[in-house]
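Remarks on the structure that follows.
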Amino acid sequence: MSTRESRLEDTGIRLSEATAADFFALLKPRVMALAVFTAFVGLMTAPGAMNPVIAVIAIAAIAIGAGAAGALNMWYDADIDALMSRTAKRPVPSGRVSPGEALGFGLVLSALSVMTLGVLVGWLAASLLAFTIFFYVVIYTMWLKRSTPQNIVIGGAAGALPPVIGWAAATGAVGIESSILFLIIFLWTPPHFWALALFKVGDYAAAGIPMMPNVAGEASTRKQIFAYALILAPIGVLPWPFGFASGFYGAVATALGIGFIWHAWKVLAAPDKEMRPAKALFAFSIAYLFAIFATLLADTIVARAVGSF
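Spelled out as structure tokens, the structure:
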């Protein structure tokens, strides 16, 4: 130990041992990547042309805001994260990042992202980003997650807002198109997370989180997953009849919706304690959402390229 470290230890000041990788992990990079991608699709599908530099700034600000929400979530949830195998190795419960560091990091990034988006892009988009961070951290993380099995249903609104923010950044408004994109993610969230909860039910029980399988039971959860799949499938096709996607998108979305229903049916029909269908649905649901938005993005790019000739 160096002389400086000894003096700091004598005064009760602890030198942080966190690395850049630890702080990056605080951002929940996989969740952040999904938010950034759906926000980018919302921005790209919006009508009109946006300055490329402003578009990059907008996406960067949304990414920072999504990461900030993840850091604040990890700060608050460190106690229950430590009890679950899926989350025990996260930076805060593992001790690599202190709670104070995570809190400060999240608050600074939150302010930076909202102010950057507001000053350089537009205040409607910035207001939506601020609301998203607040909703995810305060409404979902601090309240809903530990109090109701509907936590994912209501809290899913936060994860569904990025395409709306992207659309607002490009247009300065919120249209029916971005509302449909919001609805797709909002309805996708419960079956996606309840599939995970079915085969991680022990983790949630240990942490005292009232996820649907722990409260209503596996049979009820399976029925609700299937019901959401039946609703999600036609909603996923809506960009086509509403005129901001082509018939090609409609065909792909229809096929993906049928696949989602089929996987949900397998979950519903599975014997008790058989978790392979739930794991398959969880994996398919990730592919579903990515494919829906990737197809919409490709559809938009092709339509604009053809229209430019």
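Numbering (our numbering), first residue to last: 6 to 314.
Just so you know, even glycine gets a beta-carbon here, dropped at the ideal spot from N, CA and C.
None of these values were measured; they are calculated from a predicted model.
The beta-carbon separation of Asn219 and Ala232, rounded to 19 Å, does not stay under the 8 Å limit for a contact. For the options Ile190, Trp128, Gly47, Ala25, the alpha carbon positioned closest to that of Arg101 is the one of Ala25.
Taking a cut-off of 8 Å on C-beta distances, the stretch 82-99 does not touch the stretch 40-55, as fewer than three cross pairs fall below it. For the pair Leu302 and Ile240, the CB atoms are not nearer than the 8 Å cut-off.
Residue burial is scored here from C-beta neighbours: Pro168 has at least 16 other C-beta atoms within 10 angstroms and is therefore classed as buried. Taken through DSSP and simplified to helix, strand or coil, Pro195 comes out as helix. Secondary structure in the stretch 208-274: the alpha helix (DSSP H) runs of 4 residues or longer, each lying completely within the stretch, are 217-220, 223-240, 252-274 in chain order. Sequence-distant Cβ neighbours of Trp270 in its own chain, meaning closer than 7 Å and more than five residues away, are Phe231.
Within its own chain, the residues whose Cβ lies closer than 6 Å to the Cβ of Leu122, once the five positions on either side in sequence are excluded, are Ala66, Ala130, Ala131, Leu134, listed in chain order. Per the coordinates, the alpha-carbon of Phe42 lies some 18 Å from the alpha-carbon of Ala30. In the DSSP annotation of this structure, the continuous segment of the alpha helix (DSSP H) that includes Asp86 starts and ends at 83-86.
Cβ atoms of Ala238 and Ile263 come within 8 Å of each other, at about 7 Å. Below 8 Å, enough C-beta pairs join the stretch 249-269 and the stretch 279-296 to call them touching: three or more.
Comparing C-alpha distances from Ala202 to each of Gly222, Ile185, Ile190, Ser183 shows the shortest one belongs to Gly222. Take the alpha-carbon of Met89 and the one of Asp208: they are about 5 Å apart.
Sorting Ile236, His197, Ala71, Ala258 by C-alpha distance to the C-alpha of Val272 places His197 at the top. Per the Cβ contact rule, the stretch 181-188 is not in contact with the stretch 63-78 (fewer than 3 Cβ pairs under 8 Å). The beta carbons of Ala44 and Gly171 sit closer together than 8 Å. Per the coordinates, the alpha-carbon of Lys284 lies some 21 Å from the alpha-carbon of Lys33. Here DSSP, grouped into helix, strand and coil, assigns Arg91 to coil. Taking a contact as a CB-CB distance under 8 Å, the pair Tyr254 and Pro244 counts as one, their CB atoms being some 6 Å apart. The shortest CA-to-CA distance from Phe139 to any of Asn78, Ser184, Ile306 is the one to Asn78. At the C-beta level, Ser118 and Gly70 come within 8 Å of one another. A straight-line Cα-Cα distance of about 8 Å links Ile159 and Leu149. A direct Cα-to-Cα measurement between Val311 and Asp304 gives close to 11 Å.
In the DSSP assignment, Ser115 falls within the alpha helix (DSSP H) that extends over 104-125.
Contact between Leu39 and Ala174 is absent: CB atoms are separated by about 17 Å, not below the 8 Å threshold.
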